[in-house]
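My numbering puts the first residue of the sequence shown at 2, with every later residue one more than the last. Quick notes on the structure that follows.
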Amino acid sequence: MLQQGRLTVTQLIEKTSLPEKQIRTSLRVLIQQNLANFTEEIVEGDADNLTTYYQVLLNELLWRLRYPRFLLVARKIFGSDVRSFTINTMTNDWFREKLSVSC
């Protein structure tokens, strides 16, 4: 999904050759962890025919990958006592938005 952009479940099955149940379970976990989202679109004027597209939230994924590095830098600068403060601060959405803009 990172390379292809948003995809439907059918497209994911075709590209990965995984069973539909495994794909749906994986998507559910990614959405619960805020690493993916979905959008629904009406297919050419037919309100009863919705297509659901799924996509990875790249900023969230990168944030999770950088998180241990932030903790390491804070510990080196301020010592081991700052770890819990850093964790609490970094889980604050306002702080995350400000940090994402500056990175």
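All C-beta atoms in this analysis are idealised placements derived from N, C-alpha and C, irrespective of residue type, glycine included.
Check                                                                                                                                        : Outcome
Return the first residue and the last residue of the beta strand (DSSP E) that E42 is part of.                                               : A37 to V44
CB Q5 to CB K16, shorter than 8 Å?                                                                                                           : yes
Go ahead and pull the three-state DSSP assignment for S103.                                                                                  : For S103, the predicted model reports a pLDDT of 49, less than 50, meaning its position is unreliable; a value from the coordinates is still stated below. Three-state result, S103: helix.
Ignore the nearest five residues each way along the sequence and tell me which others in V1's own chain have a CB closer than 6 Å to its CB. : Since the displayed the chain opens at 2 and closes at 104, residue 1 lies outside it and no answer follows.
Taking just the CA atoms, how far does R65 sit from C104?                                                                                    : The predicted model places C104 with a pLDDT of 48, which falls under 50 and marks its position as unreliable; any figure quoted below should be read in that light. Cα to Cα, the separation comes out at about 14 Å.
Taking the DSSP output, what are the residues bridged to Y55?                                                                                : L8 and F39
Would you kindly check if the distance between the Cβ of R29 and the Cβ of V10 is under 8 Å?                                                 : no
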